[in-house]
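K.L.:
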Amino acid sequence: MRKLEQIQLNKLISAYGGVGSIIETNTNGSLIILPYDQWKCFVNVTQNPMEIRDNRLLSYVQAHGYPNVIRLVPIPDNDLSNFVYSATNANVGTTVSSKYFPEWYYCPHCRRLYKLLEWEFHWNNTFPNDNRFRRHVPACCFCSRQINAIKISRYPLQQIRFVMASLSGDMEDVPFDRLWENNPNGGAWQVGNIMNAARNLRYRSRRGDGDGLQNLFIENADTHRRIYLSQIERNYIINNDNAYKMVVRGSQSLYFPEIVRSLYIPMEAGANINAQNTDELDLHEFRYLTNDGNFKENMIVKDDLVVRRRPELTMPFISRISAIEKLKETSVLLSYTRMGKYGEPRQWYNVGLQAESQGETAMSKRPFGDGSSQAAIMSTYMPAVESYGEGVLFEVDLNSILPDDYETFVHTFCHIVMKEMEFQCGYPLTSLKEKIYIDNDNSKGGFLIYTIAGSEGSYGGLISLTQNGKIIDLINRGAERARYCPNDPICSSEHEAHCFACLDLPETACIKFNAKLNRRLFLERWFNPRPNGLVL
3 MRKLEQIQLN KLISAYGGVG SIIETNTNGS LIILPYDQWK CFVNVTQNPM EIRDNRLLSY
63 VQAHGYPNVI RLVPIPDNDL SNFVYSATNA NVGTTVSSKY FPEWYYCPHC RRLYKLLEWE
123 FHWNNTFPND NRFRRHVPAC CFCSRQINAI KISRYPLQQI RFVMASLSGD MEDVPFDRLW
183 ENNPNGGAWQ VGNIMNAARN LRYRSRRGDG DGLQNLFIEN ADTHRRIYLS QIERNYIINN
243 DNAYKMVVRG SQSLYFPEIV RSLYIPMEAG ANINAQNTDE LDLHEFRYLT NDGNFKENMI
303 VKDDLVVRRR PELTMPFISR ISAIEKLKET SVLLSYTRMG KYGEPRQWYN VGLQAESQGE
363 TAMSKRPFGD GSSQAAIMST YMPAVESYGE GVLFEVDLNS ILPDDYETFV HTFCHIVMKE
423 MEFQCGYPLT SLKEKIYIDN DNSKGGFLIY TIAGSEGSYG GLISLTQNGK IIDLINRGAE
483 RARYCPNDPI CSSEHEAHCF ACLDLPETAC IKFNAKLNRR LFLERWFNPR PNGLVL
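So the sequence shown is numbered by the working numbering: it starts at 3 and just counts up by one.
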């Protein structure tokens, strides 16, 4: 790679970044993050004394597919002072590893299309005295010009926008050079032999017709045959008995990470958290934060956790409010899928039947490499990211709510408060997060609204709302505002009665992707409470 690129740590384990994801950079184009065993910063992981002490999360990771993990290790945070270094810099030994992806590059001027290694080969043949192809933005050797003995006027290349992915979790470059031996048969392209690959391709569009798939095409300059990208996109691509679909590299369907986010809760080493899913892991947090025995004079002050109860803040449905003045969230990536979430069936091409089949499910891939000795070592060390912030915990009394409505009521309540907080606390909604807690055994629930230090930092804007009763006024205003939606009566008549104008949040802020919401249900209970959840 040409240079080192600085990215935020929390983006390395997130819905948009992490092992197997494509990231867009300012100076290095589009990159794919490589598996953990290839990261330079973990080459000497056994000698790294750094450790994230969160026995609760470690216990959960061990019970969910990683029994050999003995330690959570932090991803190094290099301060590059907002500029990039040359790849020869000594910092390269502590970096996250990636590579250019997709590898297809084309010249906007002559429209030639080659993979990066082929471009480098042609460059070295054209400019044999210049060995700096990888130290600059990749350039077209056919359009660049030698100005003097040292200086070359480089004509930059551009990465193509398309890749292909499968339900098996694999993602590859579209084999544009190996689709010329056949036409789609039964809705699928059969990738041809590499020995017969086309060597002289052009990436073109019909003049004046825009850049839609129906206008973009790959041309074999030797035969002048064209294949339009719309032809490739509407059919499957069969390669090594695996079915792929071509998609735009920025498509959200390319990356579905299974991320576990745990708030730090003091826990003895060796203690076992027998949680089958993240809801149970979260419930453990809720019970700790609401247990009277853990408080001393309405305070918890332990390591990376500071909680201050506000016993004076009560109102209907709210039994208690606590300001979490310091919290630590640790995130780990357990696996990821492509083209669909794990366990969700979808229609896909069955290679054996040579036809589409219902019920195909996405397969998860682990963030470690396969087979190497370094991968075996890394499988005992789970990389993680620590983030610090602040939050407000609301304990909700659910005695007057039907059990089937617990989660919907609490989640809707949370969104109403978050929407109102944006006007009061100084944080945009994209900087806020939520956690939803349901304790069916005790007819209790709750929600945590918090922010993690990032581009906006953590300024104390949330916990300040718990002072002087401001949070009570905020809740009342939010509930009153929720009575009306710009999209009523359509919104209120829908089955789940919510839309972006009234309840929906940016998906980075909502842990449930705006599911389990019902404004009509909340308003019926809030303004017309009935005992035992009965509706007259």
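Cβ atoms here follow ideal geometry from the backbone N, Cα and C, with glycine treated the same way.
If the criterion is Cβ atoms closer than 8 Å, does the pair Ser-337 and Glu-282 meet it?
P.N.:
Start at 1 with the first residue of the sequence shown, and residue 337 comes out as number 335. Start at 1 with the first residue of the sequence shown, and residue 282 comes out as number 280. Not closer than 8 Å, so no.
K.L.:
Determine the contact status of Gln-161 and Pro-110, defining contact as a CB-CB distance below 8 Å.
P.N.:
Start at 1 with the first residue of the sequence shown, and residue 161 comes out as number 159. Start at 1 with the first residue of the sequence shown, and residue 110 comes out as number 108. Cβ atoms of Gln-161 and Pro-110: not closer than 8 Å.
K.L.:
So, at 7 Å on beta carbons, what are the nonlocal neighbours of Cys-427 in its own chain, with the 5 sequence-adjacent residues on each side left out?
P.N.:
Residue mapping note: residue 427 aligns to position 425 of the sequence shown, counting from 1. If we look at Cys-427 and ignore the five residues flanking it on each side, its Cβ neighbours are Gly-463, Leu-464, Leu-467.
K.L.:
Please specify which runs of the alpha helix (DSSP H), each continuous and at least 4 residues long, are wholly inside the region 257-322, giving them in chain order.
P.N.:
Fully enclosed alpha helix (DSSP H) runs of 4 or longer: 280-291.
K.L.:
Using the three-state DSSP reduction, which class does Ser-381 fall into: helix, strand or coil?
P.N.:
Translated into positions along the sequence shown, residue 381 becomes position 379. Of the three classes helix, strand and coil, the one that applies to Ser-381 here is coil, per DSSP.
K.L.:
For the beta strand (DSSP E) that contains Arg-206, what are its first and last residues?
P.N.:
On the sequence shown, residue 206 is found 204 positions in, with the first residue counted as 1. First-last of the beta strand (DSSP E) with Arg-206: 203-207.
K.L.:
Looking at the structure shown, is Glu-422 part of a helix, part of a strand, or coil, going by DSSP?
P.N.:
Counting from 1 along the sequence shown, the entry for residue 422 is found at position 420. It is helical.
K.L.:
Verify the CB distance criterion: does Tyr-68 have a CB-CB separation below 8 Å to chain D?
P.N.:
No chain D is part of this structure, which consists of one protein chain only.
K.L.:
Following the continuous alpha helix (DSSP H) through Gln-349, name the residue where it begins and the one where it ends.
P.N.:
One-based indexing of the sequence shown puts residue 349 at position 347. Where Gln-349 is concerned, there is no enclosing alpha helix (DSSP H), although the beta strand (DSSP E) it sits in stretches over 347-352.
K.L.:
When the Cα atoms are used, what is the spatial distance from Pro-369 to Leu-285?
P.N.:
Working through the sequence shown from its first residue, we reach residue 369 at position 367. Working through the sequence shown from its first residue, we reach residue 285 at position 283. Taking the straight line joining both Cα atoms gives about 27 Å.
K.L.:
Assign Gly-459 to buried or exposed, taking buried as 16 or more other Cβ atoms, counted over all protein chains shown, within 10 Å of its Cβ.
P.N.:
Here residue 459 refers to the residue found at position 457 of the sequence shown. Any reading at Gly-459 is ruled out, since the residue's pLDDT is 43, under 50, leaving its predicted position unreliable.
K.L.:
Please classify Lys-437: does DSSP put it in a helix, a strand, or coil?
P.N.:
As a first step, residue 437 must be located in the sequence shown, where it is residue number 435. If DSSP states are grouped into helix, strand and coil, Lys-437 belongs with the strands.
K.L.:
Between which two residues does the beta strand (DSSP E) carrying Phe-73 extend?
P.N.:
Locating residue 73 in the sequence shown gives position 71, counting from the first residue. The question names Phe, but residue 73 in the sequence shown is Arg. Taken as a continuous stretch (DSSP letters only), the beta strand (DSSP E) holding Arg-73 covers 73-76.
K.L.:
Mark Lys-247 as exposed unless 16 or more other C-beta atoms lie within 10 angstroms of its C-beta, in which case mark it buried.
P.N.:
To locate residue 247, count along the sequence shown from 1; it is residue 245. That one is buried.
K.L.:
Touching or not, the region 414-422 and the region 510-522, by the rule of three or more beta carbon pairs under 8 Å?
P.N.:
Touching, per the Cβ criterion.
K.L.:
For Val-21, does the three-state DSSP call read helix, strand or coil?
P.N.:
If you number the sequence shown from 1, residue 21 lands on position 19. Residue state, collapsed to three classes: coil.
K.L.:
Taking only the alpha-carbon atoms, compute the straight-line gap between Gly-20 and Phe-529 and give it to the nearest angstrom.
P.N.:
Sequence index remark: in the sequence shown, residue 20 carries index 18 (1-based). Sequence index remark: in the sequence shown, residue 529 carries index 527 (1-based). Gly-20 and Phe-529: Cα-Cα distance of roughly 44 Å.
K.L.:
Can you give me the Cβ contacts of Leu-525 inside the same chain, cut-off strictly under 7 Å, excluding the 5 residues immediately before and after it?
P.N.:
As a working mapping, residue 525 is identified with position 523 in the sequence shown. Hits under 7 Å: Ala-484, Arg-485.
K.L.:
Tyr-87 by DSSP, collapsed to three states: which one?
P.N.:
As a working mapping, residue 87 is identified with position 85 in the sequence shown. The predicted model places Tyr-87 with a pLDDT of 33, which falls under 50 and marks its position as unreliable, so this point remains unresolved.
K.L.:
What are the residues that DSSP puts in a beta bridge with Ala-245?
P.N.:
Within the sequence shown, residue 245 is the residue found at index 243, counting from 1. According to DSSP, Ala-245 bridges with Ile-240.
K.L.:
For Asp-399 and Lys-446, which I take to be in contact (beta-carbon distance under 8 Å), what is that distance rounded to the nearest angstrom?
P.N.:
Residue numbering aside, residue 399 sits at position 397 when the sequence shown is read from its first letter. Residue numbering aside, residue 446 sits at position 444 when the sequence shown is read from its first letter. Right, their Cβ atoms sit about 7 Å apart.
K.L.:
What does the Cβ neighbour count give for Met-341, buried or exposed, with the cut at 16 atoms within 10 Å?
P.N.:
Looking up residue 341 in the sequence shown gives position 339. Result: buried.
K.L.:
Leaving out five residues on either side along the sequence, give the residues of the same chain with a beta carbon under 7 Å from the beta carbon of Glu-105.
P.N.:
Counting from 1 along the sequence shown, the entry for residue 105 is found at position 103. Answer for Glu-105: Lys-117, Leu-118, Asp-175, listed in chain order.
K.L.:
Going by C-alpha distance, which of Met-420, Val-309, Asp-372, Ser-321 is nearest Glu-392?
P.N.:
On the sequence shown, residue 392 is found 390 positions in, with the first residue counted as 1. That would be Val-309, whose Cα lies nearest to the Cα of Glu-392.
K.L.:
Using only the alpha-carbon positions, how far apart do Ser-32 and Gly-345 sit?
P.N.:
For the purposes of this step, residue 32 is identified with residue 30 of the sequence shown, where counting begins at 1. For the purposes of this step, residue 345 is identified with residue 343 of the sequence shown, where counting begins at 1. If I take the Cα positions, the gap works out to 29 Å.
K.L.:
How big is the Cα-Cα spacing for Ser-495 and Tyr-107?
P.N.:
If you number the sequence shown from 1, residue 495 lands on position 493. If you number the sequence shown from 1, residue 107 lands on position 105. C-alpha separation (whole angstroms): 50 Å.
K.L.:
Can you grab the Cα-Cα spacing for the pair Tyr-38 / Asn-46, in whole Å?
P.N.:
Counted from its first residue, the sequence shown places residue 38 at position 36. Counted from its first residue, the sequence shown places residue 46 at position 44. For Tyr-38 and Asn-46, the distance between alpha carbons rounds to 12 Å.
K.L.:
Taking all protein chains shown into account, decide if Ser-155 is buried (16 or more other Cβ within 10 angstroms of its Cβ) or exposed.
P.N.:
Looking up residue 155 in the sequence shown gives position 153. Exposed, since its Cβ has fewer than 16 Cβ neighbours within 10 Å.
K.L.:
Based on Cα-Cα distance, which residue from Arg-289, Ser-170, Glu-314, Lys-13 lies nearest to Ala-245?
P.N.:
Taking the sequence shown and counting its residues from 1, the one referred to as residue 245 is at position 243. Of the candidates Arg-289, Ser-170, Glu-314, Lys-13, the one whose C-alpha sits nearest the C-alpha of Ala-245 is Ser-170.
K.L.:
Give the C-beta separation of Ala-511 and Leu-431 to the nearest angstrom, bearing in mind that I take them to be a contact with Cβ-Cβ under 8 Å.
P.N.:
If you number the sequence shown from 1, residue 511 lands on position 509. If you number the sequence shown from 1, residue 431 lands on position 429. That belief holds up - the Cβ atoms of Ala-511 and Leu-431 are roughly 5 Å apart, short of 8 Å.
K.L.:
What is the DSSP secondary structure of Glu-496, counted as helix, strand or coil?
P.N.:
In the sequence shown, the residue the question calls residue 496 occupies position 494. Reduced to three states, the DSSP call for Glu-496 is coil.
K.L.:
Does the pairing of the region 378-389 with the region 9-17 give three or more beta-carbon distances under 8 Å?
P.N.:
As far as the Cβ criterion goes, the region 378-389 touches the region 9-17, which means the pair count is three or higher.
K.L.:
Which of the three DSSP states is assigned to Gly-480 in this structure?
P.N.:
Counting from one through the sequence shown, the residue named residue 480 turns up at place 478. Looking at Gly-480 - three-state DSSP - the assignment turns out to be helix.
K.L.:
For Met-269, which residues in the same chain have their Cβ closer than 6 Å to its Cβ, ignoring the five residues on either side in sequence?
P.N.:
Translated into positions along the sequence shown, residue 269 becomes position 267. Around Met-269: Asn-57, Arg-58.
K.L.:
Here's a check: name, in chain order, each residue in its chain whose Cβ is nearer than 6 Å to the Cβ of Gly-22, leaving out the five neighbours to either side.
P.N.:
In the sequence shown, counting from the first residue as 1, residue 22 sits at position 20. Correct list, in chain order: Tyr-338.
K.L.:
Could you check what DSSP says for Ala-200 in three-state terms: helix, strand or coil?
P.N.:
By 1-based counting over the sequence shown, the position of residue 200 is 198. Ala-200: coil per DSSP, three-state reduction.
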